[in-house]
Every structure is written in C-alpha cells, then in structure tokens.
Amino acid sequence: MQRLEKIISEHTNYTRKDIKNLILRKQVLVNGKVANLGLKCAPNDQISIKNKILNQTKRYYIMLNKPSGYLSANYDKNDKTVFELIGNEIPKKNLALWGRLDKDTEGLIILSTNGELGHKLLSPKNHVPKTYYVQTNRILNNNIIQEFEKGVLIDLNHLAKGTVSNLDKNTCKLTIFEGKFHQVKKMFKSLNYEVTYLKRLTFGNLQLDDSLRIGDYRLLTNEEIQQLENE
C-alpha cells in the first residue's frame, strides 16, 4: 500500500502543493469515491484526477547526447543504434524516439514512453524550434542570415526558413521550426556550403545538458518535462 499523494507525485508533474489542493478540492477520486489526504492505495486501485484516470505505468523521458555513427532507430541489422546506448535499467518496451538525427549528427535526442506528447511536439503544426551548431567547409558570408530568414528552396519546391546566430568564420547556430529530412544540410547546400559537423543543442525549451558526455543519457527532471508539455 502506498500513500495517495506519493502515487500521484510519481506519475504526474504536479507539485506537492498542487496535489494537496486537488485532494482538498475533492478533485481526486479513488475507485469512484472522493479521496482524503494520506489515503493508502493498493496497486489495483483506480485513481482519477479531474475526471481523468491516472495512468500508473511509469513514464520515461530520456535526454541522450547522441554520438556520430549511431542510427536514430531501435534496431538495425547492420548499424549501431541509439537504443544500444540505453542501459538495461530502462525498459525498452514502448520507448520511442521524439524525432531523428542523421547518423553523422551529434547532440540532443529524446526518447520517451509518452507517445502522445511526442506526437504533439513533432507535429508540423506546432513549429517547435530546434537549434543546431553547424560547421561548414568554408567561411560563411553574412548574407546567410537574410537568406535563411527569407527562406531557401530545398527539395525542389519547399521554402525552408531559419534563424542564424553566433556567426563566426565557418560556424554558426541555426534554429529551424520544422524537421524535414536532412533539412539543415540541404539549407546550407542551397547556398553552396557543405556541412562538415552538425550537433543539435535544443529541442523546444529543452537544452542539451553541458555536463552530459557524448553517448551518455539521463532522465529529464519534472521541470524539464513541464517545459516540453508547455510547448
């Protein structure tokens, strides 16, 4: 048996104060009955919050600093995949990638069992920003700032836009608001540059943890999950 407040805390992003207020406002039911603070619950008890049944399956949200040379896939018979970097302490069942990075691209990638939120964030309608650190084969001209703001043609007829910052010789940061196949590389290629190194730094409001070594991962904090839910 577990305290009701602890169960809700483990399976939602509500703060302790939020949980207490929900219970006091009689917005939490256990097996159809109004719950009280400190109530002990069995594993098979049905808990609902604001008329929604609480999913008590533990959800995982993982930040991975992807190395080059790994496919964004759960399995491939010929190549290494990012799933091979995740240890056995994380159940792989229902774990899915939120977006993909090219095999030779490094940086932030998210894996989660929350498919609903992942689908929402990846939807083209939501325009979730993603920022990349880009290195090219030659010195970048300042005109790329205006060119990317106006939009450049990729895939024959698609106008791809982006925001350039931290321009320095042959490196810059580029923020895009969609996720077309090889989009960053194609955008630079349209202006006759070749991308020689690419690393994703942000996904929405979530930033790659500077302390996370290449190939390592960690669970997202409740605050970070909340940031993504608010996108």
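For the sequence shown, the numbering used here gives the first residue as 37, with consecutive numbering after it. In this text, a Cβ means the ideal position worked out from N, Cα and C, and glycines have one as well. Keep in mind the model is a prediction, meaning the values are calculated, not measured.
How about L237 and N101: do their beta carbons lie closer than 7 Å?
Along the sequence shown, read from residue 1 onward, the residue named residue 237 stands at position 201. Along the sequence shown, read from residue 1 onward, the residue named residue 101 stands at position 65. No, these two residues do not count as a Cβ contact at 7 Å.
What residue range does the alpha helix (DSSP H) around V164 cover?
What you label residue 164 is simply residue 128 of the sequence shown in a count that begins at 1. Note, V164: premise wrong, no alpha helix (DSSP H); not H, not E.
Between which two residues does the beta strand (DSSP E) harbouring N202 extend?
Residue numbering aside, residue 202 sits at position 166 when the sequence shown is read from its first letter. From DSSP, the beta strand (DSSP E) with N202 extends over 199-204.
On the DSSP bridge list, what partners appear for E142?
Your numbering for residue 142 matches position 106 in the sequence shown. Looking at the DSSP assignment, E142 forms a beta bridge with K235.
Taking only three categories from DSSP, how would you classify Q263?
Mapped onto the sequence shown, residue 263 falls at position 227. Helix at Q263.
Burial state of A196, where buried means 16 or more other Cβ atoms lie within 10 Å:
Sequence index remark: in the sequence shown, residue 196 carries index 160 (1-based). By the 10 Å Cβ count, A196 comes out buried.
Under 7 Å between the Cβ atoms of F119 and N110?
Here residue 119 refers to the residue found at position 83 of the sequence shown. Here residue 110 refers to the residue found at position 74 of the sequence shown. Yes. Within cutoff.
Measure the alpha-carbon distance for G143 versus D246 and round it to whole angstroms.
Here residue 143 is taken as the residue at index 107 of the sequence shown, counted from 1. Here residue 246 is taken as the residue at index 210 of the sequence shown, counted from 1. Roughly 10 Å between the two C-alpha positions.
Rank M99, W134, N114 by C-alpha distance to the C-alpha of E121 and give the top, closest one.
Numbered from 1 along the sequence shown, position 85 holds the residue referred to as residue 121. A small fix is needed here, since residue 121 is Leu in this sequence, not Glu. Of the listed residues, the one whose Cα sits closest to L121 is M99.
In terms of alpha-carbon separation, which member of L242, K216, I55 lies closest to L75?
Translated into positions along the sequence shown, residue 75 becomes position 39. The candidate whose alpha carbon is nearest that of L75 is I55.
Residues bridged to L210 by DSSP?
Working through the sequence shown from its first residue, we reach residue 210 at position 174. According to DSSP, which records beta bridges pairwise, L210 is partnered with Y168, V200.
Status (buried if at least 16 other CB within 10 Å, exposed otherwise) for V170:
Translated into the one-based positions of the sequence shown, residue 170 becomes position 134. Buried, since its Cβ has 16 or more Cβ neighbours within 10 Å.
Give, in chain order, every unbroken run of the beta strand (DSSP E) that is at least 3 residues long and sits entirely within the segment 80-128.
83-85, 97-102
Return yes when the Cβ of H47 is within less than 7 Å of the Cβ of Q92, no when it is not.
Numbered from 1 along the sequence shown, position 56 holds the residue referred to as residue 92. Numbered from 1 along the sequence shown, position 11 holds the residue referred to as residue 47. It is a contact, given that the beta carbons lie within the stated cut-off.
Can the beta-carbon of K205 be found closer than 7 Å to that of I175?
By one-based count along the sequence shown, residue 205 stands at place 169. By one-based count along the sequence shown, residue 175 stands at place 139. The answer is yes: Cβ separation under 7 Å.
DSSP-derived helix/strand/coil call for I250
By one-based count along the sequence shown, residue 250 stands at place 214. I250 carries a coil assignment under DSSP once its states are collapsed to helix, strand and coil.
Compute the distance between the beta-carbons of Y96 and T51, then report whether it is under 7 Å.
Working through the sequence shown from its first residue, we reach residue 96 at position 60. Working through the sequence shown from its first residue, we reach residue 51 at position 15. Not closer than 7 Å, so no.
With distances taken from CA atoms, which of G251, N258, E267, Q263 is nearest G123?
Counted from its first residue, the sequence shown places residue 123 at position 87. Nearest option by C-alpha distance: G251.
With 16 as the cutoff for other CB atoms within 10 Å, does K94 come out buried or exposed?
Counting from one through the sequence shown, the residue named residue 94 turns up at place 58. By the neighbour-count rule (16 or more Cβ atoms within 10 Å), K94 is not buried but exposed.
Just to confirm before moving on: does the CB-CB distance between I43 and V64 stay below 7 Å?
Within the sequence shown, residue 43 is the residue found at index 7, counting from 1. Within the sequence shown, residue 64 is the residue found at index 28, counting from 1. No, Cβ-Cβ distance for I43 and V64 is not below 7 Å.
Take P165 and list the residues in its own chain whose beta-carbon comes closer than 6 Å to its own, dropping the five residues that flank it on each side.
Reading the sequence shown from its first residue, position 129 is the one you call residue 165. Excluding positions up to five away in sequence, the list reads T211, F213.
Give the C-beta separation of Q263 and N241 to the nearest angstrom, bearing in mind that I take them to be a contact with Cβ-Cβ under 8 Å.
Position 227 of the sequence shown holds residue 263. Position 205 of the sequence shown holds residue 241. Going by Cβ atoms, the distance from Q263 to N241 rounds to 4 Å, so yes, they are a contact pair.
On a CA-only basis, which of S108, E41, N67, A78 is nearest L60? Give me that one, please.
Indexing the sequence shown from 1 puts residue 60 at position 24. Looking at the Cα atoms, E41 is the closest of the given residues.
Can you give the Cα-Cα distance for N179 and L203, rounded to whole angstroms?
In the sequence shown, residue 179 corresponds to position 143, counting from 1. In the sequence shown, residue 203 corresponds to position 167, counting from 1. Their backbone Cα atoms lie some 11 Å apart in a straight line.
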